[in-house]
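Asks: Chains as they are written, first to last, in our numbering: chain W, 21 to 340; chain A, 21 to 340.
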DNA sequence: AACGATTGCGCAAACGATTGCGGTTGATTT
DNA sequence: AAATCAACCGCAATCGTTTGCGCAATCGTT
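1) Residue ranges of each alpha helix (DSSP H) run of no fewer than 4 residues wholly in the stretch 258-312 of chain A, ordered along the chain?
2) Considering only the beta carbon of each residue, do residue 82 of chain A and residue 178 of chain A sit closer than 8 Å?
3) Report the CB separation of residue 260 of chain A from residue 286 of chain A in whole angstroms; it is logged as a contact under 8 Å.
4) Residue 172 of chain A to residue 30 of chain W, Cα distance in whole Å?
5) Between the alpha carbons of residue 124 of chain W and residue 154 of chain W, how many angstroms are there, rounded?
6) Given that residue 73 of chain A touches chain W, what residues does it touch there, using C-beta distances under 9 Å?
7) Please tell me whether residue 244 of chain A has its Cβ less than 8 Å away from any Cβ of chain W.
8) Would a check of beta-carbon distances place residue 90 of chain W closer than 8 Å to chain A?
9) Return the CA-CA distance between residue 8 of chain A and residue 35 of chain A, expressed in angstroms with no decimal places.
10) Alpha carbon to alpha carbon, how far is residue 78 of chain W from residue 313 of chain W?
11) Note down, one range per segment and in chain order, each beta strand (DSSP E) of at least 3 residues found wholly within the stretch 61-105 of chain W.
12) Return the chain-ordered ranges of every beta strand (DSSP E) run that is complete within the stretch 106-166 of chain W and spans a minimum of 3 residues.
13) Just tell me which of W:56, W:32, W:110 has its CA closest to the CA of residue 43 of chain W.
14) Do the CB positions of residue 72 of chain W and residue 137 of chain A come within less than 8 Å of each other?
15) Near residue 174 of chain W, which residues of its chain fall below 6 Å by C-beta distance, leaving aside the five closest residues on each side in sequence?
16) Taking the alpha carbon of residue 209 of chain W as the point to measure from, which residue in W:191, W:167, W:182, W:238 has its own alpha carbon closest?
17) Do residue 198 of chain A and residue 284 of chain A have their C-beta atoms closer together than 8 Å?
18) Just checking: is the beta-carbon of residue 156 of chain A within a distance shorter than 8 Å of some beta-carbon in chain W?
19) Roughly how many angstroms lie between the CA atoms of residue 220 of chain W and residue 196 of chain W, to the nearest whole one?
20) In chain W, what lies closer than 9 Å to residue 68 of chain A by C-beta?
21) Is it buried or exposed for residue 254 of chain W, if we count other Cβ within 10 angstroms and need 16 for buried?
22) Report the rounded CA-to-CA distance for residue 332 of chain W versus residue 168 of chain W, giving the unit in angstroms.
23) Just the Cα atoms here: how many angstroms apart are residue 127 of chain W and residue 217 of chain A?
24) Please list, in chain order, all residues of the same chain as residue 282 of chain A whose beta carbon is under 8 Å from its beta carbon, the five residues on each side excluded.
25) Is it the case that the CB of residue 174 of chain W approaches a heavy atom of the ligand MG more closely than 7 Å?
26) Can you list the residues of chain A that residue 240 of chain W reaches, using a CB-CB cut of under 7 Å?
27) Going by beta carbon distance, what residues of the same chain come within less than 7 Å of residue 315 of chain A, once the five residues before and after it are set aside?
As structure tokens, this is what we get:
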């Protein structure tokens, strides 16, 4: 059955289509009486204007694309929830594009966004991405972009993340106070900006007399192996982990070696899984929902404003 | 700067807009020569037709909505990845709508889908949902719907999930063989279909002489508390957990009571986190990616077909 | 050579909502 | 009483692409 159009309503009510349109949009030109009559019939008939036609005419999609490498088990789900909630409240919808951490797929995704005329892009870069040239097209078309989570420096695009160096420094200072003389620090892939920043912050704050064993782990398993080795070799009992995935490996090794209670584990976590597994875990609460909301808020701001200005937003975190 | 249109291209090439359109879509009516000329210029100028206009005209959005309660830490991220990958390969995009496990929000989401004219809906019900009346509108408009994960019986809509009862039965049989006489079984919220099905399958397969202590846990913490109690009360050393979240609570309790090595843990898991934390874990590999792909494939099939037929798809699983 | 079939392209009408502009009322002002 | 003005509503163009139909040119057949 062919769906109703604004014309059908207009014919039925003996008014013009333009009047129906304006009435439905609460345009002040339409008298209260007519407006109510239109709106009521629309409600009764469950009529909704074809948003295709409207968007086409108004040149807006009410769509925000979220482009990211993959939906890791922790953090990212929260980010997405934060984003969609914020966007929904403002009558925008969330589109998910996955790059699988491949640069070509990122380019492709960005192009698709342009073709679909999304109103904005929230982008978490994949690790191979070294520059932002592929975003030029967005700039010329005028699609605002906000970088989040995995970002690189840019003087064109807004970004949202936590102050990684500062937070890692807090972790180091906490370890300083614990009177340990050796710590195993496990970061993510070395080329990641996030790894670099946190490493810098960690080292510049850590007491000089503490020996550090470093590892760059790409997953839980590598973290586990390294932590296990360190325990066996040096009886290490203090650990720093850059993410929930890494922390999982650490805690697994600690448990298996039955040194759970003597061990101190510090790192970045969303606080939803890991504290269950280790009572002596101290973590920077890396709350995805907050970041997602902030990123969404920023893109909405950019859409609303005419002159797009860059703005780097730092989310405050605390050590729990 | 105003973006290029098909007319601009046409003027430049001294052909009609219709020819450009057909050339771009590889319509056989257009000679190879003209077709190539058009396509090359389009490539050079990075021209992409306005998909709004095209979709509007063709009455299709190339959008599939995924409607679900929330993005839990495990399983769902994989489902989403499976879906988007499959859809992307077929030139569809993924829209995420979160219901927060609220029935009103589910209705709202479905309505939004109808208004946006999505081409299909993948729906995981929220727990309050008791019937499928709110999907009627989709039926009359002709938007295909596929239920996945959390579903209820329906004779109109296709569904995709694993054979919960059978899989739970496999778990029970495994426990039967282990010569234990007591097991703590932890399910999810009692009203959930998934809980009911797995419980039924589990009990009908479990040896009669084994004593079962049941709990319905809504999160890791409740599972932990119950498991902890059971260990203290009955020295329970065999556990069944319905999900990764529940298993996390179990393993946490087991570890804390230092009965890790003596304990047997069986349940449903995606196999990505839990096997790390407990070496003696046997699990039904509840692979989200496979389910996501199957659901996406089904919705694509429904879109392609003219007469929408219902089909319940059972994903095979194995005990690892 | 005459006639039907095929190929290749343009014309113009959609698709459904929005919106600038202009026209019709009736009320208010001078 | 004429003029001014505001309040309301309709006309028609518009957004950019697709597509049914028609027309001309070319091709092949008897």
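For each residue, glycine too, the CB sits at the ideal point set by N, CA and C.
Replies: Based on what the coordinates show:
1) 264-276, 294-297
2) Walking along the second chain from the start, residue 82 of chain A turns up at place 62. Walking along the second chain from the start, residue 178 of chain A turns up at place 158. Taking 8 Å as the Cβ cut-off, residue 82 of chain A and residue 178 of chain A do not qualify as a contacting pair.
3) In the second chain, the residue the question calls residue 260 of chain A occupies position 240. In the second chain, the residue the question calls residue 286 of chain A occupies position 266. Indeed they touch by this definition, with Cβ atoms about 5 Å apart.
4) As a working note, residue 172 of chain A is residue 152 in the second chain. As a working note, residue 30 of chain W is residue 10 in the first chain. Those two C-alpha atoms are separated by around 41 Å.
5) As a position in the first chain, residue 124 of chain W is number 104, starting the count at 1. As a position in the first chain, residue 154 of chain W is number 134, starting the count at 1. Straight-line Cα distance between these residues: approximately 10 Å.
6) By one-based count along the second chain, residue 73 of chain A stands at place 53. Those are 76, listed as they occur along chain W.
7) Stepping through the second chain from its first residue, residue 244 of chain A is reached at position 224. For residue 244 of chain A, the answer is yes, since a Cβ of chain W falls inside 8 Å of its Cβ.
8) Indexing the first chain from 1 puts residue 90 of chain W at position 70. By this cut-off, residue 90 of chain W is an interface position.
9) With chain A covering 21 to 340 only, the question about residue 8 of chain A has no answer from this structure.
10) Counting from 1 along the first chain, the entry for residue 78 of chain W is found at position 58. Counting from 1 along the first chain, the entry for residue 313 of chain W is found at position 293. So the alpha carbons of these two residues sit roughly 26 Å apart.
11) 83-88
12) 113-118, 140-143
13) On the first chain, residue 43 of chain W is found 23 positions in, with the first residue counted as 1. The candidate whose alpha carbon is nearest that of residue 43 of chain W is W:56.
14) For this step, residue 72 of chain W is matched to residue 52 along the first chain. For this step, residue 137 of chain A is matched to residue 117 along the second chain. The answer is yes: Cβ separation under 8 Å.
15) Locating residue 174 of chain W in the first chain gives position 154, where the first residue counts as 1. The answer, listed in chain order, is 152.
16) Along the first chain, read from residue 1 onward, the residue named residue 209 of chain W stands at position 189. Cα-wise, what sits closest to residue 209 of chain W is W:238.
17) Here residue 198 of chain A corresponds to residue number 178 of the second chain, with the count starting at 1. Here residue 284 of chain A corresponds to residue number 264 of the second chain, with the count starting at 1. Closer than 8 Å, so yes.
18) Along the second chain, one-based indexing puts residue 156 of chain A at 136. So, not an interface residue.
19) Within the first chain, residue 220 of chain W is the residue found at index 200, counting from 1. Within the first chain, residue 196 of chain W is the residue found at index 176, counting from 1. When the Cα atoms are used, residue 220 of chain W and residue 196 of chain W turn out to be separated by approximately 16 Å.
20) In the second chain, counting from the first residue as 1, residue 68 of chain A sits at position 48. Ordered by position in chain W, the residues that pass the 9 Å Cβ test against residue 68 of chain A are 131, 134, 135.
21) Numbered from 1 along the first chain, position 234 holds the residue referred to as residue 254 of chain W. It is exposed - the Cβ of residue 254 of chain W has fewer than 16 other Cβ atoms within 10 Å.
22) As a first step, residue 332 of chain W must be located in the first chain, where it is residue number 312. As a first step, residue 168 of chain W must be located in the first chain, where it is residue number 148. Cα-Cα distance, rounded: 10 Å.
23) The residue labelled residue 127 of chain W in the question sits at position 107 within the first chain. The residue labelled residue 217 of chain A in the question sits at position 197 within the second chain. Rounded to whole angstroms, residue 127 of chain W to residue 217 of chain A spans 44 Å at the Cα level.
24) Here residue 282 of chain A refers to the residue found at position 262 of the second chain. Taken in chain order, the residues that qualify are 257.
25) Summarising the ligand content, the structure contains no ligands, and the ligand MG is consequently not present.
26) Against the first chain, residue 240 of chain W aligns to sequence position 220. Using a Cβ-Cβ cut-off of 7 Å, residue 240 of chain W is close to 296 of chain A, given in chain order.
27) The residue you call residue 315 of chain A lines up with position 295 of the second chain. These residues qualify, in order along the chain: 103, 142, 166, 168, 180.
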